[in-house]
Every structure is written in structure tokens, then in C-alpha cells.
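Q: Those protein sequence lines, which keep their order, are chains R and U. Going by our numbering, 158 is the number at position 158 of the first sequence; the sequence numbering is gapless. With the second sequence counted from 1, adding 1000 to any position gets you our numbering. Here a beta-carbon is modelled for each residue, glycine too, at the ideal position from N, C-alpha and C. Okay, here's the structure, questions in a sec.
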Amino acid sequence: MLNFDPLEQFSIELYSSFFNTLGTGSFSSIGFMSIFVFFLVMFCYYSSNSVFLLNKFQKGIISLFQFVLGILKDSLSIKKYSFILLFFSTFLFIFISNLLGMIPYSMTITSHLILTLYFSLAFFIGNNLIGICFHREKYFVLFLPEGVPTPIIPFLILIEYVSYISRIFSLAIRLFANMMSGHILLKILISFI
Amino acid sequence: MCIVFLVIGLEFAIAFLQAYVFVVLISIYLNDVINTH
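Okay, structure coming up:
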């Protein structure tokens, strides 16, 4: 192994780009893989959405659906099927893109911080919008726990705010770091053979 | 050779686990927002 670089597998190949007065844009391997995984998620969802006899693949998708539904029932205590499509498609997207990354010479899109940060930021903004729709101006009570003595309140609001913001980065960096470290480990181990 | 296959199996487990953890955490954050006090 003369020129061995474990980080080479994460390089993004640029397929096409444009820079003009209207704006800039590019289409790279990360965009291609995201669109591919999106179509796979669509395929998984709509293929198991049939009234006929199901084969093993469709039964597997349905058991995954039940699994995500169980998670939502445990933690999210509102109506029975609310938000299930959002969470199920998120689950399938991350799971399928992780699995596709295990194919040699393929690409793991979840090992890029830009994609995971995009995911967690989108959910952060969506959470805020949902909270404002549900509670209107009472939503900002979120930053103030109950039964707090008055002099501590400003500090407590600051701390709650920081923890609320840092959720975005903790969510994004957990997924990104796990996938990246796993793939680097695999590459180094395989190079020993 | 054996350890490589072991790590590959571990990697598949991680692939599932990370998706699971992501969905669980997002649902917990959404629950925090919806059921404030």
C-alpha cells in the first residue's frame, strides 16, 4: 500500500455545475445518491401499499412501519397515526442510505455533515412551526420550567436556550460521526488483508 | 479475515441503530414541543 488514503471514499464527485448571473448550482454524486434513495423510499412505501397478497419484501416494509409506529406511540402521545408518514420516510431514508453505503464503490450520503445537518435543521424549523401552531404565544413557555424561583429565571432561560439549539448539532454529528468512523475502520481493516 | 466480516456485520447493525436513534430522538423533541407542561 503505497498511496493509501482512508478518506478517499468520502470525496464528492462533481458531475455538472453552472455559475452565471442567475445564480450558481451544481449536481454531484451526493445529489444523485439522495435522489436515488428518495425514489427507493417511494418504491418501498408504495409497493407495500397494496391490498393484494404480500410477498416477503412487502411484509418486511410493513413490519418496519409497525416498528416506527411503536416508537411514535411510546414517545409521542397524540392521535394514533399523526406524523407517521414523516417519521417513517425519515427512517427509511436514513436506513436505506446507510445500507447502500455498505456496497463497495458506492457512496454513503449520511457520512457527510451537510446532509445530516440539513435533516436536523429541517426538523428543528418544523418543530418550531408545529409548536407555534399548537400553542400560539404560549409556545415560548417551553424555555421556562415550572416552579423556578424568580432570581434564577434569566440564567435558566439562557441555559435552556443553549440546550435547545445544541440539539441540532448533536443529532447531526451523531449520525455523521458514526457512519464516517465505521467506514474508515472498515477501509483500514480491509487494507491489512 | 474473520474480524473484517465481524465488523461488516457490526456496520449493518449500526446502519439500523442510527436510523432508529434518529427517529426516537426526533419524536422525543417533537413531544417536548407539543406537550409543554
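#1: When you compare each of T24(R), T21(R), I30(R) to L14(R) by their alpha carbons, which one comes out closest?
#2: Using a Cβ cut-off of 7 Å (strictly closer), state whether G182(R) contacts chain U.
#3: Over the uninterrupted alpha helix (DSSP H) stretch that includes N128(R), give me the two end residues.
#4: Is the stretch 22–36 of chain R touching the stretch 1012–1020 of chain U, taking contact as three or more C-beta pairs under 8 Å?
#5: When the cut-off is 7 Å and only beta carbons count, does G60(R) lie next to chain U?
#6: What residue range is occupied by the uninterrupted beta strand (DSSP E) comprising Y46(R)?
#7: Check G70(R) in the structure and name its three-state DSSP category.
#8: Bridge partners for G25(R) per DSSP, in chain order?
#9: Of all the CB atoms in chain R, is at least one closer than 7 Å to the CB of A1019(U)?
A: Straight from the coordinates:
#1: I30(R)
#2: yes
#3: 113–135
#4: no
#5: no
#6: That residue, Y46(R), is in no beta strand (DSSP E); its alpha helix (DSSP H) goes 29–47.
#7: helix
#8: F18(R)
#9: yes
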